[in-house]
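A quick write-up on the structure given underneath.
There are 2 protein chains.
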Amino acid sequence: MNQTSTSSPPELAPLKVAMLGCGTVGTQVARLITQSGDDLRERIGRPIELVGIAVRDAIKQRDGIDPQLFTTDALGLVTRGDLDVVVELIGGIEEVRPLVLAAIESGASVVTANKALLAADADTLSQAADKAGVDLYYEAAVAGAIPIVRPLRESLVGDEIITVMGIVNGTTNYILDKMCTTGADFDETLAEAQALGYAEADPTADVEGYDAAAKAAILASLAFHTRVRAADVYREGITRIAAQDIRQARVNGCVVKLLAIASSLPDGKVSVRVHPAMVPNSHPLASVSGAYNAVFVESREAGRLMFLGPGAGGAPTASAVMGDLVTVGRNRVRGVAARGHNVYAHRPIASMGDVHTRYAVSAEVADEPGVLAAVASCFAEHGVSLQTVDQELGASTDHPTATIQVTTHQANEADVQACVDELGLRSFIHGQVRVLRVEGN
Amino acid sequence: MNQTSTSSPPELAPLKVAMLGCGTVGTQVARLITQSGDDLRERIGRPIELVGIAVRDAIKQRDGIDPQLFTTDALGLVTRGDLDVVVELIGGIEEVRPLVLAAIESGASVVTANKALLAADADTLSQAADKAGVDLYYEAAVAGAIPIVRPLRESLVGDEIITVMGIVNGTTNYILDKMCTTGADFDETLAEAQALGYAEADPTADVEGYDAAAKAAILASLAFHTRVRAADVYREGITRIAAQDIRQARVNGCVVKLLAIASSLPDGKVSVRVHPAMVPNSHPLASVSGAYNAVFVESREAGRLMFLGPGAGGAPTASAVMGDLVTVGRNRVRGVAARGHNVYAHRPIASMGDVHTRYAVSAEVADEPGVLAAVASCFAEHGVSLQTVDQELGASTDHPTATIQVTTHQANEADVQACVDELGLRSFIHGQVRVLRVEGN
Chain D
105 MNQTSTSSPP ELAPLKVAML GCGTVGTQVA RLITQSGDDL RERIGRPIEL
155 VGIAVRDAIK QRDGIDPQLF TTDALGLVTR GDLDVVVELI GGIEEVRPLV
205 LAAIESGASV VTANKALLAA DADTLSQAAD KAGVDLYYEA AVAGAIPIVR
255 PLRESLVGDE IITVMGIVNG TTNYILDKMC TTGADFDETL AEAQALGYAE
305 ADPTADVEGY DAAAKAAILA SLAFHTRVRA ADVYREGITR IAAQDIRQAR
355 VNGCVVKLLA IASSLPDGKV SVRVHPAMVP NSHPLASVSG AYNAVFVESR
405 EAGRLMFLGP GAGGAPTASA VMGDLVTVGR NRVRGVAARG HNVYAHRPIA
455 SMGDVHTRYA VSAEVADEPG VLAAVASCFA EHGVSLQTVD QELGASTDHP
505 TATIQVTTHQ ANEADVQACV DELGLRSFIH GQVRVLRVEG N
Chain Y
105 MNQTSTSSPP ELAPLKVAML GCGTVGTQVA RLITQSGDDL RERIGRPIEL
155 VGIAVRDAIK QRDGIDPQLF TTDALGLVTR GDLDVVVELI GGIEEVRPLV
205 LAAIESGASV VTANKALLAA DADTLSQAAD KAGVDLYYEA AVAGAIPIVR
255 PLRESLVGDE IITVMGIVNG TTNYILDKMC TTGADFDETL AEAQALGYAE
305 ADPTADVEGY DAAAKAAILA SLAFHTRVRA ADVYREGITR IAAQDIRQAR
355 VNGCVVKLLA IASSLPDGKV SVRVHPAMVP NSHPLASVSG AYNAVFVESR
405 EAGRLMFLGP GAGGAPTASA VMGDLVTVGR NRVRGVAARG HNVYAHRPIA
455 SMGDVHTRYA VSAEVADEPG VLAAVASCFA EHGVSLQTVD QELGASTDHP
505 TATIQVTTHQ ANEADVQACV DELGLRSFIH GQVRVLRVEG N
């Protein structure tokens, strides 16, 4: 009974992976785990095995996925106790938080693409992961396939980041692009995007900037090592962008983009905001078109960097998930976990009124002597220095009007808003005073 | 004597760092370690201490660096036995290899910016690091501040990379840019670049493509998990690029760039090459100007990604070094090391003749009937399909000549070269047949 076995070395125990959700991204992740088994084993150092997928409808056939993997018991799946990694691809917050926490408490590392959950609860999740000694990775949560989380978390971690500015929502980028090409207005372009499947039936999360705000919160937390939640992000969507704003941008040598901006202010505060802005054609973000995403980073030492790639879609997002899965797998093989999200700098969030940037302000005005001077004086009284002033006469001769447009030098948001509010009360202004920030010099 | 001490928790032992070399990059790294101590402690989880710097001249003053840190005994420094990390910034191969290996064998992790050493000896270094259980990181070795090593090593490690194509040498990019702007020839532009400090007195490593070839080898090894050394890389520099090539590129809607290209061929081979090429203006690499670097990656799942940033310089390169230093420090705190360079796919290196790409071929020819047909036939006989054929008459009426230019569809390099060699023998060809590959569709 004391015989020593001389058999060949035992096959390494596989890395056991469970998935929550099996939609566009999940299907691709399941395919890659199955298809790339040999490469993944070499890259991780152990074989990988997909042991279960929690779905709402376990009966529905999904191409190329073993139907026996499906279960409707998500909680049972993540708490079975032998999992190495749980890949969360359901999305949303309330339904998913307890599942992710249960997975972590059961000893599984978590890979997630869930920007909303992270932007709401990164602290809770990160602390739970640190306590359980497991990993929490989320490259796919921001800008799809573009490696941006890892570069911020590791590559630039010895540098001091000043600004992160990104086009992180493909739907709005597609709509603004189309408006620019066709000259059409927002409502018309949205309807077309919906018909083509580029925008959801309920487009609120995209067009009102909620999706971009969640990503901005994640980017800001990583860049500045401080806690930023989606609720901390100043947010304006693109629903009020009109064809005339796009035209005005073109006159200024700019395009209109929905930007997510996180910046470190000289007073130590952090400003995080999502809003449409004019971007000069010469800026690398200006040429990012369609469903592409891009993130521009400026740091003290590295200078200006840009990361560009597909911002969404099943396969690109799955690529980011798989990168995390291999990284987490490698950590498991070595019996370690990465540290959590390294929040140590408790920096206050700046209010939007604290922001300094440039502005393009336009309005239809009465074509009367002294109007341009009155407009210029109003800016001067509010301490806003102008860079350009243009006045273009209207076509009608019955009610002579002109369109006046000014662009400012760097100015304080609160000062500009006060000036715009005051201009709105003047009798020579016809209709609305339109304001767009100008970003990226 | 059994009393339990109730003192406050002991100060954590600092991470001990030694540096080899203190030039442009080293000075910046020393500054950052000293200046950013508080942030680095939070990010690493332990304080960081620079304990020594090996230099050739220990007497020379270096701004802001404690002169007591300097030593000329590099081997003594790296083998003192208590080091956590050695940062190698000397460069070169023979002098440095034994120092890096001694550091590793003494238990120190290594962070290096030394592309030449890695492109020659990555296997040796990586195996030594694995054996000693220490880290080997080298983000700064390719494309300066641009995070590209870590994205390939981790973010895209669950994907299948098809091509990596980069502008990875700032000097040649500056020279080609200038040639494009001024219309001047290579020699004149190089002399100007040398006068301005953008090119070395001995510019061989840059203009002959050796620097880019080392980087291409590193990128290819990471992308394809296979061993690629600098000696495996096909290499052509930019010294033969003439003003007429730049003009011809412009006619084709292209610019000329020195590219480092690593691609996975359908037959399983890996092709790695450095040469000048025409790049269409519409390609994102075309607008990468001056001292900027950019790396374009195409993968099966993620699709097309691009990484852009400063490719050289003290502070940008120091940013990349510092990111590695923090990562290695975090690993030390957890008592682990990352796996080495994960070479498991022993893929053969394709010869240049195996490559398929597009070509622009031009020559001065006699302005006689039948020449265009003869040129076209020659391509046809070699199985090369043409996309465009242009013939432009020369100005002289005494010796009527024309410039003929063809662009090909995707064609085999060996076929194109055989065709060009044959054309060179024809009597109607005056002077040299000029060939430039066309990359990036």
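In order, the protein sequence lines correspond to chains D and Y. Convert by adding 104 to the 1-based position in the first sequence; the result is the number in the numbering used here. Convert by adding 104 to the 1-based position in the second sequence; the result is the number in the numbering used here. Note that the Cβ used here is the ideal one computed from N, Cα and C, for glycine as well.
In the structure shown, the three-state DSSP call for Leu412 (chain Y) is strand.
Residue nearest to Ile152 (chain D) within the set D:Ala297, D:Ala162, D:Val121 and D:Glu468 is D:Val121 (criterion: CA-CA distance).
Residue-level contact check: Pro420 (chain Y) touches chain D, since one or more beta carbons of chain D fall below 8 Å from its beta carbon. Comparing C-alpha distances from Ala249 (chain D) to each of Y:Pro251, Y:Asp263, Y:Val392 and Y:Ala247 shows the shortest one belongs to Y:Asp263. Around the CB of Asp225 (chain Y), 16 or more other CB atoms lie within 10 Å, so the residue is classed as buried. By the Cβ neighbour-count rule, Asp281 (chain Y) is buried, with 16 or more other Cβ atoms within 10 Å of its own.
Where Ala364 (chain D) is concerned, there is no enclosing alpha helix (DSSP H), although the beta strand (DSSP E) around it starts and stops at Cys358 to Ser368.
Residue Y:Asn356 holds the alpha-carbon nearest to the alpha-carbon of Thr492 (chain Y) among Y:Val524, Y:Asn356, Y:Val268 and Y:Asp349. The three-state reading of DSSP puts Pro118 (chain D) in coil, since its state is none of H, G, I, E or B. Boundaries of the alpha helix (DSSP H) around Pro202 (chain Y): Arg201 to Glu209. Pro255 (chain D) belongs to the set of residues whose beta carbon lies under 8 Å from a beta carbon in chain Y. Contact of Met269 (chain Y) with chain D by beta-carbon distance below 8 Å is absent, the smallest such distance being about 14 Å.
Sequence-distant Cβ neighbours of Gly195 (chain D) in its own chain, meaning closer than 6 Å and more than five residues away, are Asn218. Looking at Y:Thr128, Y:Gly211, Y:Ile163 and Y:Ala454, the one whose alpha-carbon comes closest to that of Val440 (chain Y) is Y:Gly211. Just so you know, the alpha carbons of Val272 (chain Y) and Ala247 (chain Y) end up roughly 5 Å apart.
Counting only runs of at least 3 residues, the region 421-507 of chain Y fully encloses the following beta strand (DSSP E) elements, listed from N- to C-terminal order: 460-470 and 490-497.
Contact of Arg438 (chain D) with chain Y by beta-carbon distance below 7 Å involves Val440. Cβ-Cβ distances below 6 Å link Asp428 (chain D) to Val215, Tyr241 and Glu243 in the same chain, with the five nearest sequence neighbours on each side left out; the list follows chain order. For Phe400 (chain Y), the enclosing beta strand (DSSP E) begins and ends at Tyr396 to Ser403. Of the residues D:Pro171, D:Val542 and D:Ala419, the one whose Cα lies closest to the Cα of His513 (chain D) is D:Val542. Per DSSP, reduced to three states, the secondary structure at Ile194 (chain Y) is coil, with no helix or strand assignment. Annotation for Gly274 (chain Y): Ala395, Gly415 and Ala416 place their beta carbon closer than 6 Å to its own, counting only its chain and skipping 5 residues before and after.
Setting aside the 5 residues that flank it on each side, Val129 (chain Y) is surrounded in the same chain by Leu193, Ala217, Ala244, Gly418, Thr421, Ala422 and Val425, each with a C-beta closer than 8 Å to its C-beta; the list follows chain order. For Thr431 (chain Y), the chain D residues whose C-beta falls within less than 9 Å of its own C-beta are Glu258, Ser259, Val261 and Gly262, listed in chain order. In terms of Cβ geometry, Ile365 (chain D) and Met456 (chain D) do not form a close pair [threshold 8 Å].
Residue state for Arg541 (chain Y) is assigned as strand, using DSSP reduced to three classes. Comparing C-alpha distances from Cys126 (chain Y) to each of Y:Ala178, Y:Gly413, Y:Leu119 and Y:Gly141 shows the shortest one belongs to Y:Ala178. Sequence-ordered contacts of the region 123-157 of chain Y with chain D read Gln132, Leu136, Ser140, Asp143, Leu144, Glu146, Arg147 and Gly149 [C-beta pairs closer than 8 Å]. Annotation: Gly156 (chain D) is outside any alpha helix (DSSP H); the continuous beta strand (DSSP E) that includes it extends over Ile152 to Ala158. Distance from the CA of Ala162 (chain D) to the CA of Leu221 (chain Y), rounded to the nearest whole angstrom, comes to 54 Å. For Ala424 (chain D), the C-beta contacts it makes with chain Y under 8 Å involve Ser259 and Ala406, in order along the chain.
A residue is called buried when at least 16 other Cβ atoms come within 10 angstroms of its Cβ; Thr308 (chain Y) does not meet this threshold and is exposed. Per the DSSP secondary-structure output, Tyr338 (chain Y) pairs in a beta bridge with Y:Arg377. Counted as a single uninterrupted DSSP element, the beta strand (DSSP E) harbouring Val214 (chain Y) occupies residues Ser213 to Thr216. Cβ-Cβ distances below 6 Å link Phe483 (chain Y) to Leu490 and Cys523 in the same chain, with the five nearest sequence neighbours on each side left out; the list follows chain order. Contact residues of the region 231-254 of chain D toward chain Y are Glu243, Ala249, Ile250, Pro251 and Arg254 (C-beta to C-beta distance below 7 Å).
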